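Line order of the protein sequences matches chains R and H.
The numbering of the first sequence is our numbering, which starts it at 3 and goes up by one.
The numbering of the second sequence is our numbering, which starts it at 79 and goes up by one.
First up is the structure itself, then whatever we jot down about it.
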Amino acid sequence: MTERSLIKRKQSLNVVKSSQNITNAYTLANVSYAYGDIPALQDVNISLAPGKFYGLVGPNGCGKTTLLDLLVGSREPGAGALLFKGRPLGEYSKRELARQVALVPQDFNIGFDYTVEEVVLMGRHPYIPRFGSPGAKDLALVAKAMATIGISRFAQRYVTELSGGEKQRVVVARALAQDTPILIFDEATASLDVRYTLQIFNEVRNLVQEEGRTVIAVIHNLNLAAAYCDEILFMQEGQILKSGAVADVMTSATISEVFGVESEVRFDPFSQTQQVAYRYWP
Amino acid sequence: MTKKTYSLLLAALALATCSAILVSATMGYMQISSEDIVRVIWAHLSGNETVLAGIDQAIPFVVMDVRLPRILTATLVGGGLALSGVVYQGILLNPLADPYTLGVSSGAAFGASLALLANLILPGYVSVPLFAFVGAVATLFIVLHLSSFNGQISANTLILSGVIVGAILSAGISFIKYLADEQVAVIIFWLMGSFASRSWLDVALVAAALVVGLGITFYYGRDLNIMSLGGRSADSLGVETARTRKVLLLTASLVAAICVAVSGIIGFIGLIVPHLMRFVVGPDNRKLIPVSVFAGACLLLMADTVTRAVLPAEVPIGVLTALIGGPFFCVIFRRRQRRGR
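Shown next as structure tokens:
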């Protein structure tokens, strides 16, 4: 181990120790990750409190999806410490973690003819014993999730026959059926029209406000992020550039720094939120 | 499909397989009645020789030492290839994958060709399957090594690595054929697959592989279902995707390797049977695996019986399955396209 990595490790442990008295959903200290020689995340330091809606914002290829992969445990950090509810995330089994965190991925392709209901039922996988069958509670949660997202009427259709937007809603319902305190969305409303986008964001917002769930969502639409999130994390080149309450960090200066576009952020009386207006024709 | 319909289907397929074994045993150069077959098997199992009274002396030998080993090997290889096909299609998320996608067949063919070329000191019936098996397993590990990165294996890199390694090995086989001179016919015949002169050792080998393979794939059956959502989703649903994928790939490949080592290269069973059964029982692997094993067993046995006892001259089984399976597959493929999937 080089001196540099030893010092870094010591620093990560210090950060971890100082934050242990608060039970954060996640604590990341000097977390880095690389694909071979290509760095994707560099020294990420963030703490995510429970019961909040976090928006993860940044240009394409800045490491958002990699960060989410680390949070759901499908990749392990190359360096640094990643704590989930005060314990190193690597100490949780996949099954334990799946009862805590649900992921709605960006892309959804299924090669086989499962019905919508069967796919949503897969959300109950972490709760059903290996050779067991789904119980009444599982089936009730599946029905509730499908009703919430409004897909009950095509429960028996094959997912392979659905449109992109319909598939996306199936995936959201599956994550709701997983019934976890933490929900992670990776640009999950990208293929939805405005009606369904708002429907899903409203549902998710309700889960945060009424049930105290934590949501971490990659959102490209800055206006949606401003309207629904409690806090925004701006990412750039594998690092968290700025994070904080919408009013504090959603500024034209930050947007210009991160995306290189000219904009104005102002309070919109109709939506009662901060909204971003862009200069479309430079 | 309801549980009851499924159970009925499974029972029907099991019955069909048993009947096919019995009927196949009656057919051949010497016609033997099914009653005599049952008597011979019963005498063998119970050790009671008196039931054989009045039966031609050659019959017990033909049934026990010639026909049954071949029939059972064909049946078990059919089941093994179908099992392997289900797993490959499930893991690679590709209904067009088969047990040979990762180059297991090319590796086995290369190993067998090498053994046949070198005319190894060990008797042929040991060295050829042994070399075929070693070739298949070595290829599998090379392909797995080539396609893993950061501890993860993606379906696309697996298929690509299989194609690359397979192409290199095919060139190697061509070179061996070029060097082989008089032996070239033997190599070509091995490559086309055959169940002729199989022994009880072959039956035992394939049976052991199939039982272990069935146990492991059944254990991971639901995980395999979840993995059809893709690696990231499966991970987030509590499946140890990387480990499960490796265990299942290894299991399916080893079953396929043993089948290939025993019988040569038999195509289309591992591709078509899972595909067809998925139409009938749906994609749930826990249902798909048992019915595919029986259907594969039944189908390959029937094909082998046709080439052994119906056709005037024995056509290599690999050629026959491809000749029947190919057009059949074209039909399925077109139907699928018409349904827009």
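All residues carry an ideal CB built from backbone N, CA and C; glycine is no exception.
Predicted model only: the values in this text are computed from it and were never measured.
For residue i, which residues from the same chain have a beta carbon less than 8 angstroms from its beta carbon, with the 5 sequence-adjacent residues on both sides left out?
i	result
residue 90/R	83, 84
residue 358/H	79, 87, 369
residue 298/H	322, 325, 326
residue 168/R	153, 156
residue 256/R	236, 243, 244
residue 117/R	157, 158, 159, 160, 161
residue 20/H	No information on residue 20/H is available, as it lies outside the stretch 79 to 419 that chain H covers here.
residue 294/H	325, 326, 329
residue 227/H	235
Skipping 5 residues on each side, what residues in its chain have a beta carbon closer than 7 angstroms to that of residue i?
i	result
residue 62/R	none
residue 353/H	173, 410
residue 387/H	105, 106
residue 55/R	207, 210, 217, 230, 231, 232
residue 44/R	34, 240, 241
residue 374/H	156, 157, 159, 160, 347, 351
Taking the continuous alpha helix (DSSP H) assigned at residue i, which residues delimit it?
i	result
residue 267/H	262-269
residue 268/R	Not the alpha helix (DSSP H): residue 268/R falls in the beta strand (DSSP E), residues 265-270.
residue 67/R	66-74
residue 275/R	From DSSP, residue 275/R is part of no alpha helix (DSSP H) but of the beta strand (DSSP E) over 275-280.
residue 348/H	347-359
residue 168/R	166-179
residue 192/R	Neither: residue 192/R is in no alpha helix (DSSP H) and is coded neither H nor E.
residue 138/H	136-139
residue 283/R	Looking at the DSSP string, residue 283/R is not in any alpha helix (DSSP H), and its letter there is neither H nor E.
residue 166/H	146-169
Exposed or buried, residue i, counting other C-beta atoms within 10 Å across all chains shown (16 or more means buried)?
i	result
residue 173/H	buried
residue 337/H	buried
residue 408/H	exposed
residue 139/R	exposed
residue 120/H	exposed
residue 127/R	buried
residue 272/R	exposed
residue 268/H	buried
residue 90/H	exposed
residue 180/R	buried
residue 40/R	exposed
residue 404/H	exposed
residue 195/R	exposed
residue 252/H	exposed
residue 214/R	exposed
residue 170/R	buried
residue 135/R	exposed
residue 281/H	buried
Looking at the strands, I want to know which residues DSSP matches up with residue i.
i	result
residue 242/R	237/R
residue 86/R	28/R, 89/R
residue 104/R	185/R
residue 34/R	81/R
residue 160/R	117/R
residue 217/R	55/R, 185/R
residue 226/H	231/H
residue 151/R	For residue 151/R, which the question treats as bridged, DSSP gives no partner whatsoever.
residue 247/R	233/R
Using C-beta distances below 6 angstroms, list every residue in its chain close to residue i, excluding the 5 sequence neighbours before and after it, in chain order.
i	result
residue 23/R	Any answer about residue 23/R is weak, because its pLDDT of 45 lies below 50 and its placement is not dependable; what the coordinates show is given next. Within the same chain, residue 23/R has no close Cβ partners at all.
residue 312/H	304, 305, 319
residue 77/H	Missing from the structure shown is residue 77/H; chain H here goes from 79 to 419 and no further.
residue 58/R	66, 220, 235
Helix, strand or coil for residue i per DSSP?
i	result
residue 97/R	helix
residue 393/H	coil
residue 231/H	strand
residue 47/R	strand
residue 23/R	Confidence at residue 23/R is low in this model, with a pLDDT of 45, below 50, so the placement of that residue should be treated as unreliable; the coordinate-derived value is given next. Three-state result, residue 23/R: coil.
residue 207/H	helix
residue 175/H	coil
residue 40/R	strand
residue 131/H	coil
residue 197/H	coil
residue 318/H	coil
residue 382/H	helix
residue 342/H	coil
residue 362/H	coil
residue 258/R	helix
residue 126/R	helix
Ends of the beta strand (DSSP E) at residue i?
i	result
residue 58/R	55-59
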